[in-house]
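Residue numbers for the sequence shown follow the working numbering, beginning at 1263 and rising by one. C-beta atoms are modelled at their ideal positions from N, C-alpha and C, and glycine is treated no differently. Treat the numbers as computed from the prediction; the structure is a model and nothing was measured. This report concerns only the one structure given below.
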Amino acid sequence: MLFALAGLAPVTLLVFGCGKGRDGVNLPRGAAVLRIADADDVPTLDPAAGYDTESWTFEQAIFDTLVRYRDDNVELEPDLATSWESSSDARTFTFHLRRDARFSNGRAVTSDDFRYGIERVLDPATNSRGMEYYRSIVGSADFAAHRATHVRGIETPGPFTIVFQLDSPDPIFVHKLTMPFASAVPREVAQRWGEDFSHHVVGSGAFMLRQWLGEERLVLVRNPYYFQNGEPRLDAIVDSLGVTPELQWLRYEAGSLDALTEIPPAEFPYVMKTARLRALTQKKTTVTTRYLGMNCQMWPFTDVRVRQAINYGIDRDKLVALLNGRGVAATGVLPPNLPGFDAGLKGYSYDPKRARALLEEAHLAAGFTFELWLRADTTMLMLGQSIQQDLALVGLHVEIKPVAWGPFLEAIRDPHTVQAFLSAWEADFPDPQNFLGVLLARDQWRANNDAFYYNPQFQKLIDRAADQTDLKVRYQLYNQAEKIVVADAPWAFLYYPVVYVITQPWVHDYTLNPMRPTRFERVWVSKH
């Protein structure tokens, strides 16, 4: 098959069909291909819809934002913005765009494309979980209520200038523009495809969608219009879908996978003891919290004593041991390497006696049965079974329900479906708001507050903290709010993960970022 892009300028053609590799994909002979795998299908490629690691991995390869994080840390750097300024009151932000950026169909990227991308997120019809981050823009409420055709606080005085006006100060607003939600999106393409835009995405990033066979394969190829000279260094990325972590490991050892983002627990000691393999691993100290969420609107988790009992009844150290030490027992919501972390916060110890006493106080001494939803993979099942065993010792019967990733994400957003679930949250930007304000606020029900938690005192504190520009005061307010959450226990706070990634010796510049999936544009492979 001949694959070529027709556009506004001459491009280099990639000819497909010259040779069929072991992955079943037609690629040019000698093409530089990165082969990876996932246990599940990718939920979406629509930047307004995706809000999970799998989706973001590929969305950030296909789409560009105004600013981004550096490859290996959370320092801001330009993406399609060449520069930006903010007002002293943190309410006005002006960005100046590159003039040479193009979408993969050849059309130039302008400020209108960034405005449209954020307006899609703010449109209730899109049902985007990213709406929370941009509601402070002046006029967003009028736009959402269809009283205005555009968001008044997003101004485009020229094709390469965009200005954001906020209702209230937001010292971290620029960080919120690093997320795929704030990508440049071509209106004509998104409107043409409507709800099917995810399968026909057009972005200005280093790669573009070539093929997506649900639950089988996702293929990205280089965007010939990408503005960075010499990038991407790969011709294609082939993601095999529906491959269990155990099978991924076997394929890695056979040399048919180039990178593994999860080393199965059973293989991890072998990797660490084998010098050749250990030298190929990278350690990523994530800004992540793993937790067991409890639906505070469903019996028996409407009772705080029950939720506290669950916390006392789980042996966190055992969970970390099952993961070969790849984690630290959690004391609260915020992970240790997040600015504003409260090192003095005391969480829940493993205390089955206290758990039984709390259940007795709640008139549930005889115990009860509940369903624990989790992602259907070996590691999550192992953790679920450990929790099941722990809680059985205090008289509770846990029924484990493994579910594929996409249906799992959909189910936990329904307040009437899921009693309890295993989940994790990786920071989108370095501020407590991204945990406390996003995951536990009342206005995040059916969006990100999957525990359906509400405490008015907590809400007042995070509302005060949100527009506080004095970081010391800001963190103090969030610390007070977190203490309330820990006492209310809408989650069982489990552990802060540590991730090890392993690549083949022929993979180079595969860099880990503490808050984002690896960016692929600078990755390259040598002959093997």
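The beta-bridge partner set that DSSP reports for Asp1501 consists of Ile1298, Leu1480. If you ignore the 5 residues before and after Ser1348, its C-beta comes within less than 6 Å of the C-beta of Phe1355, all in its own chain and listed in chain order. Using a Cβ-Cβ distance cut-off of 8 Å, the segment 1641 to 1657 and the segment 1668 to 1682 are not in contact, since fewer than three pairs of beta carbons, one from each stretch, lie closer than that value. Judged by DSSP secondary structure, Thr1440 falls outside any alpha helix (DSSP H); it is assigned neither H nor E.
Counting C-beta pairs with one atom in each stretch, the segment 1431 to 1446 and the segment 1381 to 1397 have three or more that are closer than 8 Å, which means they touch. Within the same chain, and ignoring the five residues on either side of Arg1704 in sequence, the residues whose Cβ sits closer than 7 Å to its Cβ are Tyr1716, Gln1721. His1412 and Arg1454 have their alpha carbons spaced roughly 19 Å apart.
Measuring C-alpha to C-alpha distances from Lys1545 to each of Tyr1772, Ala1301, Asp1300 identifies Tyr1772 as the nearest.
By the CB criterion at 7 Å, Arg1364 and Thr1418 fall outside the cutoff. The Cβ atoms of Ile1298 and Asp1501 sit closer than 7 Å to each other. When DSSP states are grouped into helix, strand and coil, Leu1522 belongs to the strand group. The residue among Gly1312, Gly1379, Arg1409, Tyr1757 with its C-alpha nearest the C-alpha of Ile1416 is Gly1379.
Every unbroken stretch of the alpha helix (DSSP H) spanning 4 or more residues and falling wholly within the segment 1642 to 1691 is given here in chain order: 1667 to 1673. Contact between Val1436 and Trp1346 holds: their C-beta atoms lie close to 7 Å from each other, under 8 Å.
Here the segment 1593 to 1601 lies against the segment 1543 to 1560, with 3 or more beta-carbon pairs under 8 Å apart.
Straight across, the Cα-Cα distance linking Val1336 with Asp1690 is about 10 Å. Residue pairing of Phe1755 in beta bridges, as defined by DSSP: Tyr1553. Inter-segment contact for the segment 1778 to 1787 and the segment 1731 to 1750 is absent: fewer than three beta-carbon pairs are separated by less than 8 Å.
For Phe1755, the closest C-alpha among the options Ala1352, Phe1426, Ala1592 is that of Ala1592. Taking 4 residues as the shortest admissible run, the segment 1360 to 1414 contains the following complete alpha helix (DSSP H) segments, listed from N- to C-terminal end: 1373 to 1384, 1402 to 1406. Runs of the alpha helix (DSSP H) lying entirely within the segment 1593 to 1620 and spanning at least 4 residues: none are present.
Below 8 Å, enough C-beta pairs join the segment 1557 to 1564 and the segment 1708 to 1715 to call them touching: three or more. By the Cβ test, the segment 1691 to 1701 is in contact with the segment 1420 to 1437, since at least three Cβ pairs between them sit closer than 8 Å. The DSSP assignment places complete alpha helix (DSSP H) segments of no fewer than 4 residues inside the segment 1315 to 1345 at 1315 to 1324, in order along the chain.
Remark: C-beta atoms of Leu1482 and Ala1323 approach each other more closely than 7 Å.
DSSP, reduced to helix, strand and coil, places Leu1702 outside both helices and strands of the structure shown, so it counts as coil. Here Trp1635 is buried, its C-beta having at least 16 other C-beta atoms within 10 Å.
By the neighbour-count definition (other C-beta atoms within 10 Å, threshold 16), Arg1484 is a buried residue. Contact check for Leu1342 and Asp1326: beta-carbon distance about 5 Å, within the 8 Å limit, so the pair qualifies.
Residue burial annotation: Ser1366 is buried, with at least 16 other C-beta atoms found within 10 angstroms of its C-beta. Going by DSSP, Gln1570 is part of the alpha helix (DSSP H) stretching over 1566 to 1575. Apart from sequence neighbours up to five positions away, the residues of its chain that approach Tyr1762 with a beta-carbon distance below 8 Å are Ile1525, Phe1530, Val1533, Thr1543, Gln1544, Lys1545, Lys1546, Arg1588, ordered along the chain. Going by beta carbons, Met1556 and Arg1567 fall outside the 7 Å limit. At least 7 Å separates the beta-carbon of Gly1575 from that of Pro1601. Bounds of the alpha helix (DSSP H) holding Pro1507 are 1507 to 1516. In the DSSP assignment, Lys1722 falls within the alpha helix (DSSP H) that extends over 1718 to 1728.
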